[in-house]
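Line by line, the protein sequences are chains U and C. Position 102 of the first sequence, counted from 1, bears residue number 115 in the numbering used here, the numbering being contiguous throughout. Position 94 of the second sequence, counted from 1, bears residue number 107 in the numbering used here, the numbering being contiguous throughout. This report refers to the structure that appears directly beneath it.
Protein chains: 2
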Amino acid sequence: MSTALSASKLKAIEAIAIVFRRVGYSAASMQMLSESTNLGKSSLYHHFPDGKQEMALAVLHWVEDLLQRELMQPLFVSPEKRQQSVDAFLKKLLEYYQGGRLGCLLGVLSFQDCPQTVSDEVARVMRVWIQLFEDYLKVYQIKDAKDKAAHAVRAIQGGLILSVSTQEEDYFSNALKDVHAILLE
Amino acid sequence: MSTALSASKLKAIEAIAIVFRRVGYSAASMQMLSESTNLGKSSLYHHFPDGKQEMALAVLHWVEDLLQRELMQPLFVSPEKRQQSVDAFLKKLLEYYQGGRLGCLLGVLSFQDCPQTVSDEVARVMRVWIQLFEDYLKVYQIKDAKDKAAHAVRAIQGGLILSVSTQEEDYFSNALKDVHAILLE
DNA sequence: TTGATTGTACCGATCGTTCGGTATAGTATT
DNA sequence: AATACTATACCGAACGATCGGTACAATCAA
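Dropping the structure here:
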């Protein structure tokens, strides 16, 4: 594993993530990133020598970590608290996506012309996420775990598109109901 | 209704649409659009005086028309051919999205920082699409038509995100199976 | 004092857009 | 029938602005 993140760099990454999620890759200018992080351009290049591309990769790594540790892993603890952990999981999703007002980094970057390294990383993290769902479903011996894992991620991403584009948050919260049904089948 | 499109302008719009679907709004440069249409930059401004924004709006209007007339309307003819019309519908989707290799204009533009007029238009056309699904489901007196209409569009958009990002076309074709089930319930 | 961090000034490239102008094909005027 | 005029379609060159990125001196923290 690589070196741990300093607190200041973590704060920068969180700010950068929000910019990417809001406007995508190409439209995220160094000026926007500078303003959102409260860091001068040279400071950004100090932390991320390869510029925007490295920022995107750093954000993706951070998101993967978040996904793995904060979001998915709690699902795997103590089967007797299955119901509660699923509810907590859905609540975290609703929070992270701001009720459907803000897109998913993976989904947003999927439809952009990023450098190949970034697109590859998006693909990898997306597959990791689906795999984590599948692993969870297999714990409970649910049939067609692979299909249903993809179904869950599809519902989240599709719900976000509908919610973000129409600005009607119901589309996302309804998608979460589908996810709920899949996880507690 | 506005004036009909000339054949040459229609060809330009189709070429522009592909660029937007592949790289999004911000990353679609005038140079790319010029090359894809085989039109000089200034010729593009002759056809679309307001530039990129007008191109996006023109493409959205064309897509709305396509959606309405070519894709959805055939679903409403002759209930005795319900099965066949749904199969033809799914085949058209698979074609238009190139089996999941190319995103949907609406989905792609949802996650971009477009001019407000463009975003508004995306929202409107997205709602039109959902409404058309709902109308179809109501013809067959299916319960919760509104929810299921949103579910269908969500499956398509979510499937495209997974398929485009991972480059695994199964995610999209599996999504279409969901749509199939919804339409023929 | 040394190394990490930052602000300022700057670079060439590219952005979306505008300008000036050409070619062609009708249409009106004589 | 010949001429002037207009409309449409197209183009390359250039505009000012902004892009991502660099150089370097100043500053802060150890």
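Glycine included, C-beta positions come from ideal geometry on N, C-alpha and C.
Name the chain C residues whose beta carbon is nearer than 7 Å to that of residue i?
{"i": "U:A136", "result": "S178, T179 and Q180"}
Note down, in chain order, every chain C residue with its Cβ under 9 Å from the Cβ of residue i.
{"i": "U:L119", "result": "I174 and S178"}
{"i": "U:A69", "result": "Under the 9 Å cutoff, chain C gives no residues; its nearest Cβ is about 14 Å from U:A69."}
Using a Cβ cut-off of 8 Å, pull out every chain C residue sitting near residue i, in sequence order please.
{"i": "U:Q170", "result": "Q170, G171, I174 and L175"}
Which residues of chain U have a Cβ atom closer than 7 Å to the Cβ of residue i, listed in chain order?
{"i": "C:D160", "result": "N187"}
{"i": "C:F124", "result": "G37, G116, G120, V121, F124 and V177"}
{"i": "C:A40", "result": "S39, Q125 and D126"}
List the residues of chain U whose Cβ lies closer than 8 Å to the Cβ of residue i, in chain order.
{"i": "C:Y184", "result": "A163 and R167"}
Compare the Cα-Cα distances from residue i to each of the options and report the closest residue.
{"i": "U:V138", "options": "U:Y149, U:G120, U:I155 and U:Q180", "result": "U:G120"}
{"i": "C:A28", "options": "C:V76, C:P62, C:D63 and C:S39", "result": "C:V76"}
{"i": "C:G64", "options": "C:Q86, C:Y184, C:K159 and C:M43", "result": "C:M43"}
{"i": "U:R114", "options": "U:L57, U:D183 and U:L196", "result": "U:D183"}
{"i": "U:A2", "options": "U:L18, U:L189, U:S98 and U:A69", "result": "Because residue 2 of chain U is not part of the residues shown, which for chain U are 14 to 198, the question remains open."}
{"i": "C:L197", "options": "C:Y58, C:L57 and C:Y149", "result": "C:Y149"}
{"i": "U:Y110", "options": "U:D126, U:L88, U:I143 and U:L80", "result": "U:L80"}
{"i": "U:V56", "options": "U:A71, U:A25, U:A30 and U:R82", "result": "The residue asked about is misnamed: residue 56 of chain U is Ser in this sequence, not Val. That would be U:A25, whose Cα lies nearest to the Cα of U:S56."}
{"i": "C:D160", "options": "C:L118, C:E147 and C:F33", "result": "C:E147"}
{"i": "U:A163", "options": "U:S19, U:E181 and U:D191", "result": "U:D191"}
{"i": "U:I127", "options": "U:M85, U:G37 and U:I174", "result": "Looking at the sequence provided, one finds Cys at residue 127 of chain U rather than Ile. Measuring from the Cα of U:C127, the nearest candidate turns out to be U:G37."}
{"i": "U:K156", "options": "U:I195, U:S123, U:R140 and U:S49", "result": "U:I195"}
{"i": "C:T50", "options": "C:A71, C:K22, C:V166 and C:S39", "result": "C:K22"}
{"i": "U:Y153", "options": "U:L118, U:V90 and U:M45", "result": "U:V90"}
{"i": "U:T130", "options": "U:I174, U:L73 and U:P87", "result": "U:L73"}
{"i": "C:V177", "options": "U:S176, U:A136 and U:S178", "result": "U:A136"}
{"i": "C:K151", "options": "C:E48, C:E181, C:L88 and C:A20", "result": "C:L88"}
{"i": "U:E83", "options": "U:N187, U:A101 and U:I143", "result": "U:A101"}
{"i": "C:E11", "options": "U:N187, U:R34, U:A71 and U:D133", "result": "There is no way to answer for residue 11 of chain C, as the model of chain C reaches only from 14 to 198."}
{"i": "C:A30", "options": "C:H193, C:A158, C:L118 and C:F124", "result": "C:L118"}
{"i": "C:Q144", "options": "U:L175, U:I143 and U:A158", "result": "U:L175"}
{"i": "U:A71", "options": "U:V99, U:N187, U:S186 and U:F33", "result": "U:F33"}
{"i": "C:V99", "options": "C:A165, C:D78, C:E48 and C:R140", "result": "C:A165"}
{"i": "U:S123", "options": "U:S39, U:E67, U:S186 and U:L18", "result": "U:S39"}
{"i": "U:M85", "options": "U:H59, U:S47, U:W142 and U:A20", "result": "U:W142"}
{"i": "U:L189", "options": "U:E67, U:Y58, U:D78 and U:G112", "result": "U:G112"}
{"i": "U:Q125", "options": "C:L18, C:A20 and C:R35", "result": "C:R35"}
{"i": "U:G116", "options": "U:R140, U:A158, U:D78 and U:F185", "result": "U:F185"}
{"i": "C:L18", "options": "C:E48, C:D78 and C:N187", "result": "C:D78"}
{"i": "C:T179", "options": "U:N187, U:R140 and U:A158", "result": "U:R140"}
Determine the extent of the alpha helix (DSSP H) in which residue i is found, giving its start and end residues.
{"i": "U:M85", "result": "Taken as a continuous stretch (DSSP letters only), U:M85 belongs to no alpha helix (DSSP H), as it is neither H nor E."}
{"i": "U:D191", "result": "D183 to L196"}
{"i": "C:S178", "result": "A158 to T179"}
{"i": "U:V36", "result": "A20 to V36"}
{"i": "U:E48", "result": "M43 to T50"}
{"i": "C:A40", "result": "Premise fails: C:A40 is in no alpha helix (DSSP H) and is neither H nor E."}
{"i": "C:G120", "result": "L118 to S123"}
{"i": "C:F146", "result": "Q129 to V152"}
{"i": "U:F102", "result": "R95 to Y109"}
{"i": "C:S91", "result": "That residue, C:S91, is in no alpha helix (DSSP H); it is neither H nor E in DSSP."}
{"i": "U:D78", "result": "K65 to D78"}
{"i": "C:L115", "result": "Counting along the chain, C:L115 falls outside any alpha helix (DSSP H), and DSSP gives it neither H nor E."}
Review point. Taking three-plus beta-carbon pairs below 8 Å as touching, is the region 99-112 of chain C in contact with the region 54-74 of chain C?
Key: no
Exercise for review: Quick one: which residues of the region 139-155 of chain U get their C-beta closer than 9 Å to a C-beta of chain C? List them in chain order.
Suggested key: M139, R140 and I143
Practice item. Decide if the region 165-174 of chain C is in contact with the region 88-103 of chain C; the criterion is three or more beta carbon pairs, one per stretch, under 8 Å apart. Key: no
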